[in-house]
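K.L.:
Positions in the sequence shown are counted from 1; adding 66 to them yields this note's numbering. Backbone N, C-alpha and C define an ideal beta-carbon position, used for all residues, glycine too.
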Amino acid sequence: MLIQQETWITPLDEARTLHLYIPDGLTPGQKVPVLYMFDGHNLFVDEEATYGKSWGLKDYLEQTRLPLVVVGLECNHEGNRRLWEFSPYDFADPVWGEVQGQGELLLDWMSGELKEWVDENLPVLTDREHTFIGGSSMGGLMALYAGGRYSSVYSRAACLSPYLGLVMEPLCEDLDEAWIEEDTQFYISWGGMETGTQEELAQVTADNLTIQRILEDKASVYLHCYPEGTHCEACWEEETPAWMEELGILQRCWEETE
67 MLIQQETWIT
77 PLDEARTLHL
87 YIPDGLTPGQ
97 KVPVLYMFDG
107 HNLFVDEEAT
117 YGKSWGLKDY
127 LEQTRLPLVV
137 VGLECNHEGN
147 RRLWEFSPYD
157 FADPVWGEVQ
167 GQGELLLDWM
177 SGELKEWVDE
187 NLPVLTDREH
197 TFIGGSSMGG
207 LMALYAGGRY
217 SSVYSRAACL
227 SPYLGLVMEP
237 LCEDLDEAWI
247 EEDTQFYISW
257 GGMETGTQEE
267 LAQVTADNLT
277 IQRILEDKAS
287 VYLHCYPEGT
297 HCEACWEEET
307 PAWMEELGIL
317 QRCWEETE
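What follows is the structure, encoded as structure tokens:
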């Protein structure tokens, strides 16, 4: 079942839509794991997706009958404000201009006020072992940051094609200094066709390997480069079975039905 719920992002003074997936067939009182995701409008059905193609998560979850609640936060569609909200850092982009990072404020709200609402109103398990986070591009950056800085809340982070370029230095510093729960797991991926040149691909690959080296002494990291992958929802949809399996989300969900 898909539900749209209006919410208020207190620190940003912004109204926003939550795109919620609640599995059918739950018994009274049954509670299941929960996955928080970014760009909620792009997750479930093509009709709502920005570019006409979603991750197809509704079909995947219904076909697998996975007992998992998904909380998808819609982004800010005004100008480059999505970049503001989905970056923990300030940076200047040659195309999108100045970005004043509000990602820390947003994640603090998600991990506190929003999670409290979800825990009270949706059929979810509230402990970190059953609380996950994921996203792509800027949402992938946010999931990566959340796994590092908010591992007391999220035990698994799916970081698909995370934006790293202009925030690499402060991100590495934060991840290096972060205390991370030792059973935290990261799935990090990128596509071999996402960049315009081989030099750019080499840099993206090097950046992701650097992130892996920083994290691997603190957490489990599953790193993937998909040679034919591009920066789009269709490719991220194809990855869904992989990160669901590797992060142990499938196992955690099915354990609750035994």
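1) Could you give the residue range of the alpha helix (DSSP H) that holds residue 155?
2) Would residue 296 and residue 259 be called neighbours here (beta carbons separated by less than 7 angstroms)?
3) Assuming residue 87 and residue 123 make a contact with CB atoms under 8 angstroms, what is their CB distance in whole Å?
4) Excluding the 5 residues preceding and the 5 following residue 76 in the sequence, name in chain order all residues of the same chain whose CB lies nearer than 7 angstroms to its CB.
5) Under a three-way DSSP split, which group does residue 111 fall into?
6) Using the Cα positions of residue 131 and residue 110, report the straight-line distance between them to the nearest angstrom.
7) Excluding five sequence neighbours on each side, which residues of the same chain lie with their C-beta closer than 6 angstroms to the C-beta of residue 309?
8) For a test of the three-state rule: what should DSSP assign to residue 276, helix, strand or coil?
9) So, at 7 angstroms on beta carbons, what are the nonlocal neighbours of residue 166 in its own chain, with the 5 sequence-adjacent residues on each side left out?
10) Do residue 188 and residue 134 count as a contact pair if the criterion is CB distance below 7 angstroms?
11) Are the beta-carbon atoms belonging to residue 222 and residue 289 less than 7 angstroms from one another?
P.N.:
On the basis of the data shown:
1) Mapped onto the sequence shown, residue 155 falls at position 89. Residue 155 -> no alpha helix (DSSP H), and no H or E assigned at all.
2) Counted from its first residue, the sequence shown places residue 296 at position 230. Counted from its first residue, the sequence shown places residue 259 at position 193. Yes, the pair counts as a contact, with Cβ atoms nearer than the cut-off.
3) For the purposes of this step, residue 87 is taken as residue 21 along the sequence shown, with counting starting at 1. For the purposes of this step, residue 123 is taken as residue 57 along the sequence shown, with counting starting at 1. Their Cβ separation, rounded to whole angstroms, is 7 angstroms, which keeps residue 87 and residue 123 in contact under 8 angstroms.
4) Your numbering for residue 76 matches position 10 in the sequence shown. 175 and 179, listed in sequence order.
5) Counted from its first residue, the sequence shown places residue 111 at position 45. Three-state DSSP puts residue 111 in coil, outside helix and strand.
6) Along the sequence shown, one-based indexing puts residue 131 at 65. Along the sequence shown, one-based indexing puts residue 110 at 44. If I take the Cα positions, the gap works out to 15 angstroms.
7) Residue 309 sits at position 243 when you count from the first residue of the sequence shown. The answer, listed in chain order, is 224 and 253.
8) If you number the sequence shown from 1, residue 276 lands on position 210. Here DSSP, grouped into helix, strand and coil, assigns residue 276 to helix.
9) Here the question's residue 166 lines up with position 100 in the sequence shown. Excluding positions up to five away in sequence, the list reads 150 and 156.
10) Sequence index remark: in the sequence shown, residue 134 carries index 68 (1-based). Sequence index remark: in the sequence shown, residue 188 carries index 122 (1-based). No, Cβ-Cβ distance for residue 134 and residue 188 is not below 7 angstroms.
11) Counted from its first residue, the sequence shown places residue 222 at position 156. Counted from its first residue, the sequence shown places residue 289 at position 223. Not in contact: residue 222 and residue 289 (Cβ atoms no closer than 7 angstroms).
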